[in-house]
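For reference, the structure is listed below as structure tokens.
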Amino acid sequence: MAQSMIVKVMGAVVENAIPMLEDASSVHARQGAGMLISFLVQGLGVELVPYAPLLVVPLLRCMSDSDQSVRQSVTHSFAALVPLLPLARGVPQPTGLGEGVSRNAEDLHFLEQLLDNSHIEDYKLCTELK
């Protein structure tokens, strides 16, 4: 069913489920959001290419969750989405997302560094090494 309404489904996921992953007050909300994303990743596969950059960084943040079931579901989703990231490069942001939902510039910069290490800036040490 999600395949026939992918724009609406992913809009709701990005607007509702992603914030639930960050809800420290409710383990049940995090578990539900993690399972939802896991099922969508399994079911939609390559159709998630335009949405992969929107999902990867929030999933990465949840991989250290205190709840084992949250960690497990987001880790499997993350592992399935990472191979899609090179395909998402240059793809315009998906339509149908709420106006308040946009790709975070910091997240995009992180993903660019993750995919292509030539984009990593040199780090200057404050002390001289001998």
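Throughout the sequence shown, residue numbering follows the numbering used here, covering 934 to 1063 in sequence. Glycine included, every Cβ here is placed at the ideal spot set by N, Cα and C.
Contact between V989 and R963 does not hold, since their C-beta atoms are separated by about 17 angstroms, which reaches or exceeds 8 angstroms. By the neighbour-count criterion, in which a residue is buried when 16 or more other Cβ atoms sit within 10 angstroms of its Cβ, A966 is buried. C-alpha of L973 to C-alpha of N1050: approximately 29 angstroms in a straight line. Going by DSSP, C995 is part of the alpha helix (DSSP H) stretching over A985 to C995.
Contact fails between the region 1004-1018 and the region 1051-1058, because fewer than three Cβ pairs, one in each stretch, are under 8 angstroms apart.
Counted as a single uninterrupted DSSP element, the alpha helix (DSSP H) harbouring V960 occupies residues V960 to L977. Taking a contact as a CB-CB distance under 8 angstroms, the pair S971 and S1010 counts as one, their CB atoms being some 5 angstroms apart. For M953, the CB contacts under 6 angstroms within the same chain, skipping 5 residues up- and downstream, are A962 and A966 in chain order. By the neighbour-count criterion, in which 16 or more other beta carbons inside 10 Å mark a residue as buried, D998 falls on the buried side.
Here M996 is exposed, its C-beta having fewer than 16 other C-beta atoms within 10 Å. Taking R994 as reference, the option from F1043, L1058, I939 and E1061 with the minimal CA-CA separation is F1043. The beta carbons of E955 and P986 sit no closer together than 9 angstroms. The criterion of a C-beta distance shorter than 9 angstroms is not satisfied by M938 and P1027.
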